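Enquirer: Protein chains in written order, with the working numbering: chain A, 656 to 1043; chain B, -10 to 411. Glycine included, every Cβ here is placed at the ideal spot set by N, Cα and C. Every value quoted in this text rests on a predicted model; they were computed, and no experiment measured them. Pasting a structure here, questions to come.
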């Protein structure tokens, strides 16, 4: 059976609750801020948000259910999406089907997390059963150790160098400074990158995201509804997700994108070369490189060469993470999995002030989430198109 | 190769003593199977009884065929290091105090990929090659199993790796108290500790006036040995010794026991049973109360920290051997007490090692037929248990067989013993 396309589905109203390093507020506060901004920016009332997806690590013991009562929402369609860095793509996929089917009219997709001084440490030991049993007792370095293995393996088998990863980080910092509103205020030089203190070799300080608090959100609705409301919007051209792909690979060398990417580009009726910008998931730069390979922008194993050929700034030859990504904007928990989505909507609706990718018509957003043991299990990607 | 560690320098008494912080000890119930095996020095992983897949991390259902018939099976541990890292940052106090800390990713020949602690002798090849390693399961300072990869060859200085030393209780350069030097076992223990490089060995003797001809004199001639009066039936004697050396002892070996060979009907009254309890149970309790807190306070004190407590129990602690019925009962009581002690000292990172020997070749087992355990063999098993970091030891053929029978069906073993022996 041929998969039904996402025709007639629009994304609109990207909102960001500004990031702060630490907050004494709870996750509900950031979700509340996001919902309020969604209403203000769209002109819709809370009652008109009849669909809701919530993603958050720090909402416990609540889920999306508790959020409805907390905020006085009464949606007729509700989803809690626990796929971390892949939750943006997955929220869109679920919400898109809901509005296509008429189960919901307007779905608010919200990702938010708070960050207390000690909350990251406390989360590490309880992230998953496998993490508690088989990674946390080994140095308690959190995901750093796991991605140090993946980076080490990539460097030794594929010839990637620290300079390659540095190029990605430096260009993302430039993007962050051009877009404003980042926690980082200065350019990053290659010398600074290389001289940074080691965290878990070969990872050094600037290979790691900075945990912070914040929220990202947007609305999913039918195109007709967006037009009626007069909202600038983008079109969902295609979307894929995959979980626990290539489970027999002893160490992560390719992500699940590869399994379904032909489907993605076929749905969107385009090729990798047609994409104007990419919002990749950048928990660590090695994963960015792996997405370039996995999504077909270069062949498997050619990631290092690809990185050496391109500039990744908003005005570069291959714009990537044009708002700075998590590496330079901070990782507001699960909101990191929405960061690329709100940025892509802004780029394609003329709201990327000061860092707009010239003439951008097609953007690819990729997600990667949930390191339960030795790799993240959830991968997803989607292609958004500007309204012609 | 790992260079041997040198004798630690004397501590500056003005400086703060490092306090113990344990590595993360929380585990799911199913993961405790790894710990149960490691407690006896075995590396076991779950294997699917239906499709044969070897699985890790521990789980409830097979990732290949979804069977729930998963059995813990011993593994060779042979595998290849496919990635390595050195942590310079940790979110946990235990590791923060011990940085840098090496970790590896190992592809086991049996199938799964393991995250492991990485011994310093294992080098990560700079090109894409993989290094052969051997993975074993060890109890960490929290008393939970963790995996460590070492090189395939085994050198004596290997144990001096700082990561491995955190998971073992090597007597080398440590100070040991052996509570009873009067018995053949006690004397074998002292000689074994001396040979293993213990820095000081205090040897207790309950009745100093009986030294003559007891073998104590030749023990006292060993350079590391000091004889000390210690009577476990006397609280003041135990307290006095604890006051004198309690703050220095790194390993306590309670080898004192009273062993008489009676059941219930063969001897009237309770005097013998009381004496057994007075030493085997209350003596152990007095010793634990007097020395336990001092050990706990020094459990992270440098590289020759206080680390272990060894209890001489008996395989009869698991199931009563009627010909030695009251002795069995006293050892069952001591076993239960040792479980309490283990739980309490675990919070301080002190390993409690319980010995479950079969009959020792000594005066009180002279009517039992062989095989019997030679005191020197049991002493050797104690040293090995300390070095390997295990916590339950069933030394010798009789103990191994009883343990197998007990694991198989404790009720059947009870009947077998009631019929006159295993």
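In chain order, what residues of the same chain lie with their CB nearer than 6 Å to the CB of residue 861 of chain A, ignoring the 5 residues before and after it?
Expert: By 1-based counting over the first chain, the position of residue 861 of chain A is 206. These residues qualify, in order along the chain: 824, 848 and 851.
Enquirer: Look at the Cβ atom of residue 808 of chain A, then the Cβ atom of residue 72 of chain B, and state whether they are nearer than 9 Å.
Expert: If you number the first chain from 1, residue 808 of chain A lands on position 153. If you number the second chain from 1, residue 72 of chain B lands on position 83. In this structure, residue 808 of chain A lies near residue 72 of chain B, with their beta-carbon atoms less than 9 Å apart.
Enquirer: Straight-line CA distance for residue 689 of chain A to residue 678 of chain A?
Expert: Along the first chain, read from residue 1 onward, the residue named residue 689 of chain A stands at position 34. Along the first chain, read from residue 1 onward, the residue named residue 678 of chain A stands at position 23. Computed Cα separation, rounded: 16 Å.
Enquirer: Which two residues bound the contiguous beta strand (DSSP E) that contains residue 873 of chain A?
Expert: For this step, residue 873 of chain A is matched to residue 218 along the first chain. From DSSP, the beta strand (DSSP E) with residue 873 of chain A extends over 868 to 877.
Enquirer: Using the rule of at least 16 other Cβ atoms within 10 Å of the residue's Cβ for burial, across every protein chain shown, is residue 659 of chain A buried or exposed?
Expert: On the first chain, position 4 is the one that residue 659 of chain A refers to. Classification of residue 659 of chain A: exposed, given that the 10 Å Cβ count is below 16.
Enquirer: Would you list, in chain order, the members of the segment 847 to 880 of chain A that have their beta-carbon closer than 8 Å to a beta-carbon of chain B?
Expert: Residues of the segment 847 to 880 of chain A whose Cβ lies closer than 8 Å to any Cβ of chain B, in chain order: 852, 853, 854, 855, 856, 857 and 858.
Enquirer: For residue 129 of chain B, would you say it is in contact with chain A, using Cβ-to-Cβ distances shorter than 9 Å as the test?
Expert: Position 140 of the second chain, counting from 1, holds the residue named residue 129 of chain B. For residue 129 of chain B, the answer is yes, since a Cβ of chain A falls inside 9 Å of its Cβ.
Enquirer: Please confirm if residue 774 of chain A has its CB atom under 9 Å from at least one CB of chain B.
Expert: Along the first chain, one-based indexing puts residue 774 of chain A at 119. Closer than 9 Å: no.
Enquirer: Can at least three beta-carbon pairs, one atom from the segment 239 to 246 of chain B and one from the segment 158 to 169 of chain B, be found at a separation below 8 Å?
Expert: yes
Enquirer: Measuring CB to CB, does residue 712 of chain A end up less than 9 Å from residue 80 of chain B?
Expert: Indexing the first chain from 1 puts residue 712 of chain A at position 57. Indexing the second chain from 1 puts residue 80 of chain B at position 91. Cβ atoms of residue 712 of chain A and residue 80 of chain B: not closer than 9 Å.
Enquirer: Please name the residue in A/784, A/760, A/1019 and A/868 whose C-alpha comes closest to that of residue 922 of chain A.
Expert: Looking up residue 922 of chain A in the first chain gives position 267. Out of A/784, A/760, A/1019 and A/868, A/1019 has the C-alpha closest to the C-alpha of residue 922 of chain A.
Enquirer: Are there 16 or more other CB atoms within 10 angstroms of the CB of residue 303 of chain B, so buried, or fewer, so exposed?
Expert: The residue you call residue 303 of chain B lines up with position 314 of the second chain. The residue in question, residue 303 of chain B, is buried, as its Cβ has 16 or more Cβ neighbours within 10 Å.
Enquirer: Does residue 799 of chain A get closer than 9 Å to chain B when you measure Cβ to Cβ?
Expert: The count along the first chain starts at 1 and reaches residue 799 of chain A at position 144. Closer than 9 Å: yes.
Enquirer: How do the segment 1006 to 1023 of chain A and the segment 934 to 945 of chain A stand: do at least 3 beta-carbon pairs fall below 8 Å, yes or no?
Expert: yes
Enquirer: Note the first and the last residue of the continuous alpha helix (DSSP H) segment covering residue 824 of chain A.
Expert: Position 169 of the first chain, counting from 1, holds the residue named residue 824 of chain A. Where residue 824 of chain A is concerned, the enclosing alpha helix (DSSP H) stretches over 817 to 834.
Enquirer: Can you look up residue 1021 of chain A in the DSSP assignment and give me helix, strand or coil?
Expert: Here the question's residue 1021 of chain A lines up with position 366 in the first chain. Residue 1021 of chain A falls in the strand class under three-state DSSP.
Enquirer: Put residue 410 of chain B into one of helix, strand or coil per three-state DSSP.
Expert: Within the second chain, the letter at position 421 stands for residue 410 of chain B. Note that residue 410 of chain B scores 48 on pLDDT, short of 50, meaning its location in the model is unreliable; the coordinates nonetheless yield the value given after this. Coil, per DSSP.
Enquirer: Buried or exposed, going by whether 16 or more other CB atoms sit within 10 Å of the CB of residue 338 of chain B?
Expert: In the second chain, residue 338 of chain B corresponds to position 349, counting from 1. Classification for residue 338 of chain B: buried.
Enquirer: To which residues of the same chain is residue 759 of chain A closer than 8 Å at the C-beta, ignoring the five residues directly before and after it?
Expert: On the first chain, residue 759 of chain A is found 104 positions in, with the first residue counted as 1. Excluding residues within five positions, the ones whose Cβ falls inside 8 Å are 705, 706, 730, 731, 732, 750 and 753.
Enquirer: When you compare each of B/138, B/56 and B/224 to residue 111 of chain B by their alpha carbons, which one comes out closest?
Expert: Translated into positions along the second chain, residue 111 of chain B becomes position 122. Closest by alpha carbon: B/138.
Enquirer: To the nearest angstrom, how far is the alpha carbon of residue 737 of chain A from that of residue 744 of chain A?
Expert: Within the first chain, numbered from 1, the residue matching residue 737 of chain A stands at position 82. Within the first chain, numbered from 1, the residue matching residue 744 of chain A stands at position 89. Cα to Cα, the separation comes out at about 12 Å.
Enquirer: Do the segment 774 to 788 of chain A and the segment 872 to 887 of chain A make contact, defined as three or more Cβ pairs closer than 8 Å?
Expert: no
Enquirer: Residue 306 of chain B versus chain A: which residues are under 9 Å apart at the beta carbon?
Expert: Taking the second chain and counting its residues from 1, one reaches residue 306 of chain B at position 317. Residues of chain A passing the Cβ test: none, with the nearest at roughly 30 Å.
Enquirer: Give a yes or no on contact between the segment 901 to 911 of chain A and the segment 987 to 996 of chain A, applying the rule of three or more CB pairs nearer than 8 Å.
Expert: No, the segment 901 to 911 of chain A does not touch the segment 987 to 996 of chain A.
Enquirer: What does DSSP give as the partner residue(s) for residue 97 of chain B in the beta ladder?
Expert: As a first step, residue 97 of chain B is located in the second chain; it is residue number 108 there, counting from the start. In DSSP, residue 97 of chain B forms a bridge with B/68.
Enquirer: Closer than 9 Å by beta-carbon distance: list the chain A residues that pair up with residue 75 of chain B, in chain order.
Expert: What you label residue 75 of chain B is simply residue 86 of the second chain in a count that begins at 1. The contacting residues are 803, 853, 855 and 856.
Enquirer: For residue 680 of chain A, which option in A/747, A/771, A/980 and A/1031 has the closest C-alpha, if you only look at C-alpha atoms?
Expert: One-based indexing of the first chain puts residue 680 of chain A at position 25. For residue 680 of chain A, the nearest C-alpha among the options comes from A/771.
Enquirer: Kindly indicate if chain B contains any beta-carbon less than 9 Å away from that of residue 793 of chain A.
Expert: Taking the first chain and counting its residues from 1, the one referred to as residue 793 of chain A is at position 138. Yes, its Cβ sits closer than 9 Å to a Cβ of chain B.
Enquirer: Which same chain residues end up closer than 7 Å to residue 203 of chain B when comparing Cβ atoms and leaving out the 5 residues on each side of it in sequence?
Expert: Taking the second chain and counting its residues from 1, one reaches residue 203 of chain B at position 214. The answer, listed in chain order, is 171.
Enquirer: How is residue 735 of chain A classed by DSSP in three states: helix, strand or coil?
Expert: Taking the first chain and counting its residues from 1, one reaches residue 735 of chain A at position 80. Note: residue 735 of chain A maps to strand in three-state DSSP.
Enquirer: Is the separation between the beta-carbon of residue 314 of chain B and that of residue 253 of chain B shorter than 9 Å?
Expert: Your numbering for residue 314 of chain B matches position 325 in the second chain. Your numbering for residue 253 of chain B matches position 264 in the second chain. Yes, these two residues count as a Cβ contact at 9 Å.
Enquirer: Under a CB-based cut-off of 9 Å, is residue 1020 of chain A close to chain B?
Expert: Counting from one through the first chain, the residue named residue 1020 of chain A turns up at place 365. By this cut-off, residue 1020 of chain A is not an interface position.
Enquirer: Using 8 Å for Cβ pairs, my map puts residue 191 of chain B next to residue 217 of chain B. What's the rounded Cβ distance?
Expert: To locate residue 191 of chain B, count along the second chain from 1; it is residue 202. To locate residue 217 of chain B, count along the second chain from 1; it is residue 228. Rounded, the Cβ-Cβ distance is 5 Å, consistent with contact.
Enquirer: Does the segment 360 to 370 of chain B come into contact with the segment 328 to 348 of chain B, if we say contact requires no fewer than three beta-carbon pairs (one atom in each stretch) closer than 8 Å?
Expert: yes
Enquirer: Over the uninterrupted alpha helix (DSSP H) stretch that includes residue 912 of chain A, give me the two end residues.
Expert: Indexing the first chain from 1 puts residue 912 of chain A at position 257. Residue 912 of chain A -> alpha helix (DSSP H) spans 912 to 923.
Enquirer: Quick check on the burial criterion: 16 or more other C-beta atoms within 10 angstroms. Buried or exposed for residue 306 of chain B?
Expert: Numbered from its first residue, the second chain carries residue 306 of chain B at position 317. Residue 306 of chain B is buried by the Cβ-count criterion.
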